[in-house]
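A.B. asks: Quick note on numbering: the sequence shown equals residues -27 to -1, 1 to 204 in mature numbering (1 follows the signal peptide of the UniProt record, and there is no 0). Where is the CB? At the ideal position from N, CA and C, for every residue including glycine. One structure is given below, represented as structure tokens, and several questions about it will come after.
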Amino acid sequence: MNTKRASRTIVCLVLGIFLDALGGARAQATRARQRAPETACAPIAPVQPFNLTEYVDREWYVVAQKPTSYQPRRDLFCVRANYTLVDAQTISIWNTARRDGVSGRDRNARGLFKLRGIVEDVETPSKLVVGLNFLPSFTYGPYWVVATDTTPESDEFAERGYSWAIISGGPLTTPRGDEGLCEPSGGLWLFVRDPLVSKNVVDQIKATARELGIDTSVLLPVDQEGCTYPR
């Protein structure tokens, strides 16, 4: 990719995240005002207790997600998230993907485009806001870890830590269909440690999401088969 194209790509990504954050916040507020009691969405909350240090210790791979302005459908290949703990309330985020296929063009392979996550309350480390380093935090979007496969007190956690997680871009705001399920106005991601996790595990994660009141029909699969990842 030449320098001009790379610059345009980064500018588009930056603008996309900025607009998505502002648009998501406005849409969330509007929907909350308009939502009638009989169609109210189930309340979801960031999972507690939560070990942020273990969560960011290894890479996460996305097996399904809701497309966003900065992660459109054509970029849902080989999506991976790398987190680095900066301090007790800050993480650095390096997301990568490929465009139009597992052998397609790398997205953010050099890590020039990184995000920042902020834990606003140290008592709830699973509730963050995420955005660009150079933008004020009021433009950031919500990033809530609303479910994990295990808890820090369990024997499983002591042996292997987290193996999957559900991330919601804030509370559920938009009713869909007639089953009482809703979607968040922000993003929605299913994270796994193993990029080639079995369909049974993915089905289990989706079932957990539905139990929380999340409409999983908004999720698109992310192809991880045959992927190579930037290092």
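Does DSSP put I66 in a helix, in a strand, or in coil?
C.D. replies: Looking at I66 - three-state DSSP - the assignment turns out to be strand.
A.B. asks: What is the C-beta distance between T112 and A138, in whole angstroms, given that I count them as a contact (C-beta under 8 angstroms)?
C.D. replies: Contact flag wrong, Cβ pair sits at about 24 angstroms.
A.B. asks: Taking the straight line between their C-alpha atoms, what separation do you get for D60 and V29?
C.D. replies: D60 and V29: Cα-Cα distance of roughly 12 angstroms.
A.B. asks: Could you give the distance in angstroms between the alpha-carbon of K87 and the alpha-carbon of W67?
C.D. replies: Taking the straight line joining both Cα atoms gives about 5 angstroms.
A.B. asks: In the DSSP assignment, find the unbroken alpha helix (DSSP H) run with V174 in it and report its ends.
C.D. replies: From DSSP, the alpha helix (DSSP H) with V174 extends over K172 to E184.
A.B. asks: Comparing C-alpha positions only, which one of R149, Q44 and P45 sits nearest to T189?
C.D. replies: When only C-alpha atoms are compared, the closest one is R149.
A.B. asks: Whose CA, out of E27, V35, C14 and P22, lies closest to the CA of D196?
C.D. replies: Closest option to D196, Cα to Cα, is V35.
A.B. asks: If you draw a straight line from the C-alpha of S99 to the C-alpha of Q21, how long is it?
C.D. replies: Near 7 angstroms, if we compare the C-alpha coordinates of Q21 and S99.
A.B. asks: Output needed for L101: all residues of its chain with C-beta closer than 7 angstroms, excluding positions within five of it in sequence on either side, in chain order.
C.D. replies: Excluding positions up to five away in sequence, the list reads G90, I91, V92 and Y116.
A.B. asks: If we call anything under 8 angstroms between Cβ atoms a contact, is C155 one with L163?
C.D. replies: No, these two residues do not count as a Cβ contact at 8 angstroms.
A.B. asks: Quick check: what's the CA-CA separation for N24 versus G153?
C.D. replies: Roughly 31 angstroms between the two C-alpha positions.
A.B. asks: Near D94, which residues of its chain fall below 8 angstroms by C-beta distance, leaving aside the five closest residues on each side in sequence?
C.D. replies: Correct list, in chain order: K100.
A.B. asks: Could you give the DSSP three-state label for A(-1): helix, strand or coil?
C.D. replies: For A(-1), the pLDDT reaches just 49, beneath the cut-off of 50, and the residue's location in the model is therefore unreliable, although a value from the coordinates is still provided. A(-1) falls in the helix class under three-state DSSP.
A.B. asks: Decide if L193 is buried, meaning its Cβ has at least 16 other Cβ atoms within 10 Å, or exposed.
C.D. replies: The residue is exposed, with fewer than 16 neighbouring Cβ atoms inside 10 Å.
A.B. asks: At 3 residues or longer, and completely inside the region 10 to 36: list those beta strand (DSSP E) runs for me, N to C.
C.D. replies: Here no run is fully enclosed.
A.B. asks: Are R31 and R133 touching if we call contact CB-CB under 8 angstroms?
C.D. replies: No, they are not a contact pair.
A.B. asks: Around the C-beta of K39, are 16 or more other C-beta atoms found within 10 angstroms, so that it is buried, or is it exposed?
C.D. replies: Buried.
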